[in-house]
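Contents: one structure, followed by commentary.
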Amino acid sequence: MFNYLARRIFYAFVALLVVVTVTFLFMHIIPGGPFQREKALPEAVKANIEARYNLDEPLYRQYLDYLGHLAKGDLGPSYKYRGRTVNDIIDERFPVSMQLGGVAIAIALLIGVPAGILAALKQNKIPDYSVMFFSTIGIAMPSFVIGTILMYFLAYRWGLLPAAMWGTPRQVIMPAIALAGAPTAFIARLTRSSMLDVLGQDYMKTAVAKGLPQTRVLWLHGVKNAIIPVVTYMGPLLAQILTGSFIVENIFAVPGLGKHFVTSIYNRDYTVILGVTVFYCVFLILANLLVDLAYPLLDPRIKLGGRKELV
Amino acid sequence: MQLSTELFKPLEQKVVQTELVRPSTTYWQDAWRRLKQNPAAMVSLAVIILIVLLAIFGPMFSPYTYSEQDFSRRNQGPSAEHWFGTDGLGRDLFTRVLYGARISLSIGFVASLVTIFGMLYGGISGFAGGWLDNAMMRFVDIMYSIPFLLWVILMMVYLKEILPQNAGLISMYLALGLVYWLPMARIVRGQILSLKEQEFVLAAYTIGASKKRILMRHLIPNCMGPVIVTATLTIPQAIFTEAFLSFIGLGVSAPRASWGMLASDALVSLKSFPHLLFFPSAAICITLLAFNFLGDGLRDALDPKMRK
Amino acid sequence: MEHLLQVRDLEVQFSTYAGVVQAVRGINFDVSSGEVVALVGESGCGKSVTAQSIMRLIPSPPGKISGGSIMFNNEDILKKTERQMRKIRGNTIGMIFQDPMTFLNPVLTIATQVTENLVLHKGMSESQAKKRAVNLFELVGIPEPEARLKQYPHQFSGGMRQRVMIAMALACEPKLLIADEPTTALDVTIQAQIMELLKEIKQRLNTAIILITHDLGVVAGIADRVLVMYAGQIVESGTIDEIMKSPSHPYTWGLLKSIPRLDMDRSKKLTPIWGQPPDLLQQFTGCPFAPRCDYAMGICTQKIPPDFGQTKVRCWLRHPQAPAVRLKREVL
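Those protein sequences? They're chains A, B and C, same order as listed. Residue numbers for the first sequence follow the numbering used here, beginning at 1 and rising by one. Residue numbers for the second sequence follow the numbering used here, beginning at 1 and rising by one. Residue numbers for the third sequence follow the numbering used here, beginning at 1 and rising by one.
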């Protein structure tokens with residue numbers, strides 16, 4: 001078990017290092033990168049950049065400085081906005097994105113998992129077909145399509161919900177649904193196929209042969225096994241929600257980090273683009289690590305795989 | 001009871017029952033038969049063929065070009081002369097959607113071509129095993145630790161910086177090519193790893209087949225099922241990514257019309273001119289749905305465990 | 001005296017996309033308390049289906065018990081509701097399955113899996129059930145029971161897992177134990193151990209056992225009576241002595257002849273039963289074994305033979321008008 005943990009942590013660290021190095025190289029070395037160009041920058045920003053990045057120093061020193069800054073969590077100043085650092089921007093905007101993302105994840109799990117279980121239990125009957133139908137649509141319809149359709153009908157045509165912006169619970173509804181669309185569909189399908197797999201397993205027959213009540217057989221013997229692949233999906237789920245936020249926050253004018261990220265792409269605010277990218281990557285790598293750590297708790301074959309005690 | 005003694009004479013010939021054998025079909029015939037029985041997949045196939053034909057030949061038949069502007073007819077809804085209506089600059093939306101089809105389909109095509117590289121990468125890695133496999137897969141794992149989209153975004157930002165303005169499409173090909181070989185590499189490697197252990201490989205070795213021959217003639221053909229499914233499902237992912245990029249401003253540049261661009265341009269005037277958003281969105285959705293259904297159908301048809 | 005289990009004219013069918021498969025075609029047998037009855041036959045002859053029908057474990061689409069009756073403990077199994085069946089399963093009838101790896105739940109502790117039905121059927125508390133589980137483990141020969149209860153299936157070897165399955169099945173002291181090919185997935189030395197264990201259980205607990213197997217060698221040491229099945233019917237039944245020493249049905253002869261013996265002449269070939277089992281989609285005109293039978297007569301392909309004699313042999317050779325058959329066979 002230790003082995004497994006140690007290896008996951010090590011690889012997470014390596015991945016982090018690679019990401020950081022790539023972003024560094026991108027900024028400083030590649031011809032045509034942001035620090036090579038002679039751009040007309042406002043004086044204040046230019047001074048900031050030069051002071052911060054020591055562009056006269058040899059490259060390896062810049063790299064070490066960069067790492068040093070990162071270790072302290074300092075992502076540097078914004079390229080475009082005077083007096084604002086990347087950290088400020090993240091501090092201000094990330095919580096909003098987290099709220100939206102959290103709601104979306106909750107929707108995806110609370111609807112997706114039961115739907116998948118239901119579809120598996122009633123395979124090839126109406127509930128199954130409906131779940132499969134809606135989930136295919138959820139996967140195929142990009143979040144901006146779902147979002148704009150919702151916006152058009154619920155806000156503009158029928159006036160049920162405010163079209164955009166953030167602050168009240170009602171304003172959370174449409175963006176959260178748009179964000180949760182594809183993940184819900186995916187989770188439903190994943191749960192369904194995992195559940196179908198489990199239902200066909202021999203140990204389910206044993207449970208029935210012991211005369212156990214149906215609910216116990218279904219949940220303790222069945223779902224406990226079926227949920228394992230869904231947990232492994234949590235990492236990619238988070239990544240999906242994160243990237244999905246770029247578009248959804250944009251459409252609904254939610255003041256989150258995703259929207260700002262897109263804006264900074266428009267504006268070519270390089271330090272923000274790279275700083276936020278590094279931040280996202282760190283976040284995802286850590287989240288994936290957490291999932292990796294949680295996984296053995298569910299599947300004892302992994303937890304105890306190291307020791308063989310066969311008699 | 002008394003029965004005729006005739007009945008008790010031993011039978012001259014034993015009726016030897018023949019084995020129950022079905023007419024034999026090859027793997028591909030069987031798969032095609034199964035695919036044909038899947039209505040969603042067949043409809044999707046037809047839709048895809050239709051879209052491809054429209055994309056290739058459609059613009060030739062249209063009286064408009066994608067950039068022709070006519071300020072007297074801005075923002076009109078669908079009509080007889082403009083089947084999808086016009087946009088804010090008076091351009092015919094239908095033609096622009098057709099051009100968008102060209103762009104989206106070409107991107108899907110490039111992405112699935114890139115998977116060939118993934119196939120070779122995964123094949124070699126899985127077949128070689130040992131430290132080479134480890135090293136190759138480490139690289140893949142590291143690439144995987146960041147969402148593809150972020151890689152693509154970074155790449156596009158960079159490329160847009162160094163390439164001239166109208167090279168948006170080429171940049172996109174490059175950026176997508178950076179990442180869309182990865183899933184195929186993993187899948188093929190996984191297949192090869194499990195196939196390697198099977199006995200028919202051992203048998204091939206014992207009759208003196210060379211490693212290269214084993215890889216090319218035995219292992220890779222056996223992967224073809226998942227390869228085809230993965231390649232098919234990569235297409236809608238790439239199209240989606242392109243739409244996504246265009247939506248956030250990293251796509252092809254005006255006046256070129258990709259579906260994502262059309263959708264993103266239409267957003268501002270959603271309230272007043274919904275048709276501008278509706279048609280490109282519908283195009284995206286139908287295409288993505290068709291490829292997804294087809295991919296699902298192929299996966300079911302090519303799954304050897306489901307042979308009846 | 002009523003038998004513990006009485007099966008009469010049982011018929012089981014499955015609806016498949018190719019048609020209706022008649023898996024069991026009218027079988028009759030009894031099992032008395034404390035008796036070990038072996039159900040022997042090739043793959044596909046219907047023995048597992050018969051066993052699962054007793055516990056009503058056949059999945060209801062596509063399977064169906066289409067005829068006959070099953071009386072267990074003087075109660076009609078086929079008339080019971082699902083709820084009532086659940087009280088019987090794991091309680092008065094226990095079942096051991098073939099492959100202990102796939103038949104044990106990988107994510108639950110052994111303790112949970114063994115104590116579940118104790119808590120459910122006998123109303124025991126967790127700690128009482130645990131104590132009983134420890135006793136059971138000692139009975140079936142698992143060392144260090146307390147420690148092993150906390151473990152998971154993948155930490156046990158094949159033979160140990162099968163012992164766990166047996167312990168699980170015996171937990172509520174069932175009157176009848178159904179063992180569906182319990183040693184097929186194990187290697188030979190472990191097989192012997194498990195069979196010894198089952199013998200012990202029969203002697204100590206007076207549990208009736210239905211032993212399903214395709215391996216006659218396994219049967220010899222433990223069975224009281226043997227039922228030979230072919231194509232969904234019982235073609236011969238008798239005590240173990242009768243079957244082994246004076247078998248009457250050509251299929252039984254074939255089975256016995258095909259067992260390789262240590263003292264065989266090494267230059268002789270093995271004698272299998274040629275041909276394939278019949279297609280169970282069809283109705284039979286005549287004896288289903290006729291195409292493979294060395295002694296087939298005219299009537300054999302025309303009419304299905306009824307049961308003849310003490311040992312209920314389904315063979316026209318037992319008809320008074322049939323010629324006497326001389327066969328060379330080795331006596332086991």
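Glycine included, each C-beta is placed from N, C-alpha and C at the ideal position. Quick caveat, the model's predicted, so the values are computed rather than measured.
Proximity of residue i and residue j at Cβ, strictly below 9 Å
| i | j | result |
| --- | --- | --- |
| residue 106/C | residue 216/A | no |
| residue 180/A | residue 103/A | yes |
| residue 77/B | residue 236/B | no |
| residue 13/C | residue 22/C | yes |
| residue 289/C | residue 323/C | no |
| residue 225/C | residue 240/C | yes |
| residue 279/A | residue 86/A | yes |
| residue 40/B | residue 298/B | no |
| residue 199/C | residue 221/C | yes |
| residue 211/A | residue 135/C | no |
| residue 140/C | residue 161/C | no |
| residue 86/B | residue 59/B | no |
| residue 318/A | residue 157/B | Outside the shown range of chain A, which is 1 to 311, sits residue 318/A, and nothing can be said about it. |
Three-state secondary structure (DSSP) of residue i
| i | result |
| --- | --- |
| residue 56/C | coil |
| residue 64/B | coil |
| residue 26/C | strand |
| residue 94/C | strand |
| residue 77/A | strand |
| residue 72/C | strand |
| residue 318/C | helix |
| residue 125/A | coil |
| residue 308/C | strand |
| residue 183/C | coil |
| residue 112/B | helix |
| residue 51/B | helix |
| residue 201/B | helix |
| residue 205/A | helix |
| residue 98/A | helix |
| residue 67/C | strand |
| residue 236/C | strand |
| residue 287/B | helix |
| residue 101/C | coil |
| residue 317/A | This structure cannot settle anything about residue 317/A, because the visible part of chain A is limited to 1 through 311. |
Other residues of its chain near residue i: CB distance less than 7 Å, five sequence neighbours each side excluded
| i | result |
| --- | --- |
| residue 274/C | 292 |
| residue 241/B | 149, 152 and 176 |
| residue 178/A | 143, 146, 147, 150 and 248 |
| residue 45/B | 294 |
| residue 214/A | none |
Beta-carbon contacts of residue i that lie in its chain and below 6 Å, excluding the five residues immediately before and after
| i | result |
| --- | --- |
| residue 99/C | 185 |
| residue 32/A | Caution applies to residue 32/A, whose pLDDT of 49 falls short of 50 and renders its modelled position unreliable; the value that the coordinates give is listed next. Answer for residue 32/A: no residue qualifies. |
| residue 307/C | 314 |
Own chain, CB closer than 8 Å to residue i, minus 5 neighbours either side, in chain order
| i | result |
| --- | --- |
| residue 167/B | 159 |
| residue 133/C | 111, 114, 115, 118, 145, 149, 167 and 171 |
| residue 309/A | In this predicted model, residue 309/A has a pLDDT of only 41, less than 50, meaning its place in the structure is not dependable; the value taken from the coordinates is given anyway. No residues qualify anywhere along the chain. |
| residue 176/A | 100, 103, 104 and 107 |
| residue 233/A | 186, 187 and 190 |
Run through the region 207 to 283 of chain A for me and flag every whole beta strand (DSSP E) of 3 or more residues, listed as ranges in chain order.
-> Counting whole runs of 3 or more residues, the region 207 to 283 of chain A contains no beta strand (DSSP E) stretch at all.
Between the region 217 to 235 of chain A and the region 197 to 206 of chain A, are three or more C-beta pairs nearer than 8 Å?
-> Touching, per the Cβ criterion.
Sequence ranges, alpha helix (DSSP H) only - wholly within the region 143 to 176 of chain A, length at least 4 | Fully enclosed alpha helix (DSSP H) runs of no fewer than 4 residues occupy 143 to 150 of the region 143 to 176 of chain A, in order along the chain.
How do the region 240 to 256 of chain A and the region 140 to 159 of chain B stand: do at least 3 beta-carbon pairs fall below 8 Å, yes or no?
-> Because the criterion of three Cβ pairs below 8 Å is met, the region 240 to 256 of chain A and the region 140 to 159 of chain B touch.
In chain order, which alpha helix (DSSP H) runs of at least 4 residues are fully inside the region 209 to 275 of chain B?
-> 220 to 247 and 259 to 267
Per the contact definition of three or more C-beta pairs closer than 8 Å, is the region 126 to 142 of chain A in contact with the region 279 to 292 of chain B?
-> yes
Those runs of the alpha helix (DSSP H) which lie wholly inside the region 117 to 200 of chain C and span at least 4 residues | 126 to 140, 145 to 149 and 158 to 170
Would you check if the region 175 to 192 of chain C and the region 207 to 217 of chain C touch, i.e. whether three or more CB-CB distances between them fall below 8 Å?
-> yes
Do the region 73 to 87 of chain C and the region 228 to 242 of chain C touch if we need at least three Cβ pairs shorter than 8 Å?
-> no
Is there contact here, the region 181 to 199 of chain B with the region 120 to 127 of chain B, by at least three beta-carbon pairs under 8 Å?
-> yes
Hey, is the region 87 to 106 of chain B in contact with the region 259 to 270 of chain B, meaning 3+ C-beta pairs nearer than 8 Å?
-> yes
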